[in-house]
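All remarks here apply to the structure that follows.
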Amino acid sequence: MTRENLFLMYIAIGLSTIVVAGAGCTSGGGGPGGGNPSPTPLIPAGIYYVNGGTNPNKVFGLSSAPVAAGGVPSPLPNAPYQATGQNGASGAPYGIAIAGGNILYAVNSNAGSVSWFTINGDNSLTLGSQVSTNGTTPAGICVSPNGKFAAVAETASNEIETFSIGAGGTLTSVSHTTGNGLNAPIDCAFAPDSGAVYVTNSALGGGISAFAVSGAGLLTPIASYPVNPGALQGVAVTSSGVLFAATPGGGGIGEFAVAAGDALLSQGFTATAAGPYGVAVAPNGQSVYVATAGANAVDAYHISGFTLSRLAGAPYQTQVSQSQYVAVSSAGNLLVDLSPISLGVTLFAINGDGTLGYAPLNLYGIPNLPGGSAADGVVVR
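Note that the working numbering gives residue 490 to position 290 of the sequence shown, counting from 1, and the numbers run on in steps of one.
In structure tokens:
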């Protein structure tokens, strides 16, 4: 079954449970489909990059700076940026990540490769090169907090692969493995100490596969962990060691503590708005944001230990079709929600308490992105 068909199945299941979505939340205002608040504070200036899924694949870079004055996001100099050669295949790219603040990685899923770029002083990108993945259909990519390694989930071959990060962002394959419950792996996140990587599996019953990562980047299985009903998508980990994994069909997020030896301990499950897909945490570790494709909204929660409480006004409704990916700036003041169906983004200002303020418009397009593209990954600098 293709990733797109799995996604549609998850949304159908999630919509069937929309009446009870959010039942596990302990507090907070609003419900699925809540109205738009006033667009205050102003949308902050920020830079975001979208993995386009064109042929050849390209990365689209934009600035949100004009929005505060009533404009629309503007393309960065010389954008879009070609990520693959002319033989690069089109199709869902998905993975995109920033390392060290000045290197960007983009997964070229159908081409079976990862490209790296230097982020220049004006935020434009300069292509370095690309490396082929050992497995097929690479999807999510994550970077270790210590900046030494990147990991790629390779869906079709049921693999996770680690790469060492060299000068200029150069990637060198170090280790790859199957087993330990890997079943259509789709996304990944590192432990705060960089000593483990956690992989979400998009097949039914897949759960989370955890692997220890040695100082040389070698992978060793730790264990696999179920998340009822177990078909997962996005994953994120706070700096204090709280892991969140989204299950679209299950209508919520599983919560885990990163324990001794980087093993995971289940801390429960929180129902969200329908069709949770992408997950992002605030840099201060106090908020988690969930793109909910079935509700076309961003759900948001305050994190207190392992207890989640829905933030006032959440879920924050968008006007896109299938709100699927979400990313937060390193400054913690800008959130970008991406729809691969609408080929555009909704921008939010993040207030000091983690609540979100809308941009004047609910949907901003991606200039020069042709129809039929995937637009399947977003990262905010």
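Ideal Cβ placement from N, Cα and C applies to all residues, glycine included.
Asked, Found
"Distance CB(R510)-CB(Y501) smaller than 8 Å", "yes"
"Any 3 or more C-beta pairs closer than 8 Å across the segment 464 to 481 and the segment 519 to 535", "yes"
"N568 to S440 span [Cα, whole Å]", "40 Å"
"Nearest-angstrom Cα separation, counted from N533 out to G554", "9 Å"
"Three or more C-beta pairs below 8 Å linking the segment 374 to 390 and the segment 332 to 339", "yes"
"Residues sharing a beta bridge with A283, DSSP", "Per DSSP, none; premise fails for A283."
"Per DSSP, the bridge partner or partners of Y501", "V488, R510"
"Sequence-distant residues of the same chain with beta carbon closer than 7 Å to G366, five excluded per side", "T372"
"Three-way DSSP call (helix, strand, coil) for P266 in this model", "helix"
"Cβ-based neighbour list, P345, same chain, cut-off 7 Å, excluding 5 preceding and 5 following", "F390, P392, S394"
"Residue nearest to S309 in terms of C-alpha spacing, selected from I303, G451, G252, L382", "G252"
"Cα-Cα separation, G229 to V490", "Reliability of the predicted coordinates at G229 is poor, the pLDDT of 31 falling under 50, and the value obtained from them is presented with this limitation in mind. Going by the C-alpha atoms only, they are around 16 Å apart."
"Host beta strand (DSSP E) of P567 (start-end)", "It is not in any beta strand (DSSP E) - P567 carries neither H nor E in the DSSP assignment."
"Burial state of P385, where buried means 16 or more other Cβ atoms lie within 10 Å", "buried"
"Separation of A356 from A269, as counted between CA atoms", "45 Å"
"Proximity winner among P448, F456, R581, I550, relative to Q522 (alpha-carbon distances)", "P448"
"Distance, I550 Cα to A497 Cα", "15 Å"
"Own chain, CB closer than 8 Å to R581, minus 5 neighbours either side, in chain order", "G246, I247, Y248, Y249, I298, G301, I319, N323, S529, S530"
"Secondary structure, beta strand (DSSP E): runs of 3+ residues fully inside the segment 361 to 447", "371 to 377, 385 to 390, 396 to 401, 408 to 413, 419 to 425, 435 to 437, 442 to 447"
"Proximity winner among E361, T284, G451, relative to S329 (alpha-carbon distances)", "T284"
"Closest by C-alpha distance to N401, when choosing among A423, G505, Q433", "Q433"
"Beta-bridge partners of L543, as assigned by DSSP", "L543 is not bridged to any residue."
"Per-residue burial, C225 [other beta carbons within 10 Å of its own, 16 or more giving buried]", "Because C225 carries a pLDDT of 26, less than 50, the predicted location of this residue cannot be relied on, and no value is offered for it."
"Sub-8 Å separation of G295 and A279 beta-carbons", "no"
"Exposed unless 16 or more other CB atoms sit within 10 angstroms - verdict on N428", "exposed"
"L242, buried or exposed, once every other Cβ within 10 Å from all chains shown has been counted against 16", "exposed"
"Alpha-carbon to alpha-carbon, K348 and S409", "21 Å"
"Pairwise C-alpha distance: S313 and L561", "35 Å"
"Check whether V374 and A339 have beta carbons under 8 Å apart", "no"
"Rounded separation between D537 and G544 - CA only", "8 Å"
"Where D553 sits in the DSSP three-state scheme", "coil"
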